[in-house]
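Have a look at the structure below, then the notes.
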Amino acid sequence: MKNITTAGAALLLTTSMANAGGLDRSGQGIGAIFEDGDYVEFSFGQVTPDLSGSVAGGAVGSGNIAPSYSQLGAALKTQATDQLSFAVIIDQPYGADVDYDDTDAGYPLAGSNAQVKTFGITALGRYAVNDNFSVHGGLRHTTAEGVYDVTAPAAYTSTYSSDSGLGFVLGGAYERKDIALRVALTYNSEVDLELDGTAGDLSTTLPESVNLDFQTGVAADTLVFGSVRWVGWDGFALSDSLAGDILAYDDDVITYNIGVGRRINDQLSASLSVGYEKETGEITGNLGPTDGYLSAQLGAAYTLDSGVEISGGVRYAKLGDATTSVIGAEFEDNSALAVGMKVAYNF
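Okay, so the sequence shown: first residue is 0 according to numbering that gives the first Met the number 0, each after it adds one.
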């Protein structure tokens, strides 16, 4: 039943604009370390947000401030011994892209834009204590760069060169292969970054997080799967040495996903899942004007005669309404559409 869980799995990369103020993108998954034998995967996602707001009681609109973007990922896992395995996982864990270039005349932030890009490499090891219990851990290296260019309340521009930080990953798992049960708990540490800017310099601490992933067979060829992700966003800030806090959060965020997969035949499987993030009700920044979300995802996976598995699907997210700081813009009735695919091979 392995291919049931990968049906639509590439879409788990495509959750920005529907997670934690728009910064959390990959979810920092480590599923590759649990694959059988030696394994390689490549994934791609494309996200098209529809995110707009207004001021002056709706009279002056922002236009769509969120350009489409893509997400890439890859992983390589090797089974060194019966008990010991290693994996290298590449992702783009955090990011943001906002552009106020299509506003109505008189919108306070007209012409403003900002971008955050990150790149992560995780080196992970796993040790199977016995057939049921295992532990995993390793190091995560994260690189970030960005641009901040605003027209209000005062014009300010700074381009930040890349900087890297090192954190760690630690967790454990319980499995029962006879019923396709696996419960894995993973902690991701904070990562400190200091980025030199063309005007002010940027400092931030990427937040710690905990992922709980689970799956279990509930009937012949049927699997229930899901995840709970906690991210410690409370106290997070992107702080410019001259402009002050560009973006700040006051609440931790918990994201839930649950789904069911069904194997249709030896080659084809399909899945349906839903995701939820509770609204905080807090004022948001103008670089991430969403608050919670509700999503639905359809996925499918097909295994070729060569053993190569191709999975993908589509995800729609209804983004929670938000009121922004400084200018008091109201962002309502917004959404994001994501498509993704993954190519994987056990060898």
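A virtual CB, placed ideally from N, CA and C, is assigned to each residue, including glycine.
Remember, it's a predicted structure, so these values are computed and weren't measured experimentally.
- prompt: Do you know offhand how far V343's Cα is from V54's?
  reply: As a first step, residue 343 is located in the sequence shown; it is residue number 344 there, counting from the start. As a first step, residue 54 is located in the sequence shown; it is residue number 55 there, counting from the start. At residue 343 the sequence reads Ala, which differs from the Val that was named. Between A343 and V54, the C-alpha separation is close to 47 angstroms.
query: So which of D195, V223 and V252 has the shortest CA-CA distance to G258?
result: Start at 1 with the first residue of the sequence shown, and residue 258 comes out as number 259. Nearest C-alpha to G258: V223.
message: At the level of alpha carbons, what is the spacing between R314 and N285?
response: Your numbering for residue 314 matches position 315 in the sequence shown. Your numbering for residue 285 matches position 286 in the sequence shown. Going from the Cα of R314 to the Cα of N285 covers about 25 angstroms.
Per DSSP, the bridge partner or partners of Q214: On the sequence shown, residue 214 is found 215 positions in, with the first residue counted as 1. Beta-bridge pairing links Q214 to R181 and F224.
query: Should the segment 206 to 222 be regarded as contacting the segment 180 to 190, the criterion being three or more beta carbon pairs within less than 8 angstroms?
result: yes
query: With burial defined as no fewer than 16 other Cβ atoms inside 10 Å of the residue's Cβ, what is the status of I178: buried or exposed?
result: In the sequence shown, counting from the first residue as 1, residue 178 sits at position 179. Label assigned to I178: exposed.
- prompt: By Cβ distance below 7 angstroms, which residues in the same chain neighbour V63 in space, the five residues on each side in sequence not counted?
  reply: Working through the sequence shown from its first residue, we reach residue 63 at position 64. What sits at residue 63 in the sequence shown is Asn, not Val. For N63, where only same-chain residues beyond five positions count, the Cβ hits under 7 angstroms are D49, L50, S51 and D101.
query: Quick one: Cα of L123 to Cα of F213, how far?
result: On the sequence shown, residue 123 is found 124 positions in, with the first residue counted as 1. On the sequence shown, residue 213 is found 214 positions in, with the first residue counted as 1. Spanning the two alpha carbons is a distance of roughly 19 angstroms.
field: Straight-line Cα distance separating V59 from G105
entry: Indexing the sequence shown from 1 puts residue 105 at position 106. Indexing the sequence shown from 1 puts residue 59 at position 60. Rounded to whole angstroms, G105 to V59 spans 7 angstroms at the Cα level.
query: Do three or more CB pairs link the segment 35 to 45 to the segment 69 to 84 at distances below 8 angstroms?
result: yes
- request: Run the CB neighbour count on A113, radius 10 Å, all protein chains shown included, and call it buried at 16 or more, exposed below.
  value: Counting from 1 along the sequence shown, the entry for residue 113 is found at position 114. Label assigned to A113: buried.
task: Write down the C-beta distance between V46 and A337 rounded to the nearest angstrom, noting that I regard them as a contact closer than 8 angstroms.
output: Reading the sequence shown from its first residue, position 47 is the one you call residue 46. Reading the sequence shown from its first residue, position 338 is the one you call residue 337. With a Cβ gap of about 5 angstroms, V46 and A337 count as contacting.
message: Restricting to Cα atoms, I'd like to know which of N256, L246 and A143 is closest to F118.
response: On the sequence shown, residue 118 is found 119 positions in, with the first residue counted as 1. The candidate whose alpha carbon is nearest that of F118 is A143.
Among G30, T322 and T204, nearest to P288 - alpha-carbon criterion: The sequence position of residue 288 within the sequence shown is 289, counting from 1. Closest option to P288, Cα to Cα, is T322.
- prompt: Is D249 near E281, with beta carbons less than 8 angstroms apart?
  reply: Here residue 249 refers to the residue found at position 250 of the sequence shown. Here residue 281 refers to the residue found at position 282 of the sequence shown. Going by C-beta atoms, D249 is nearer than 8 angstroms to E281.
task: For G30, count neighbouring Cβ atoms within 10 angstroms of its own Cβ and tell me buried if that reaches 16, exposed if not.
output: Position 31 of the sequence shown holds residue 30. Counting Cβ neighbours within 10 Å, G30 comes out buried, since at least 16 surround it.
query: With P92 and R24 assumed to form a contact (beta carbons below 8 angstroms), what rounded beta-carbon distance in angstroms separates them?
result: Here residue 92 corresponds to residue number 93 of the sequence shown, with the count starting at 1. Here residue 24 corresponds to residue number 25 of the sequence shown, with the count starting at 1. Yes, P92 and R24 are in contact; Cβ-Cβ is about 6 angstroms, under 8 angstroms.
message: Does G26 come out as helix, strand or coil in the three-state DSSP assignment?
response: Along the sequence shown, one-based indexing puts residue 26 at 27. G26 falls in the coil class under three-state DSSP.
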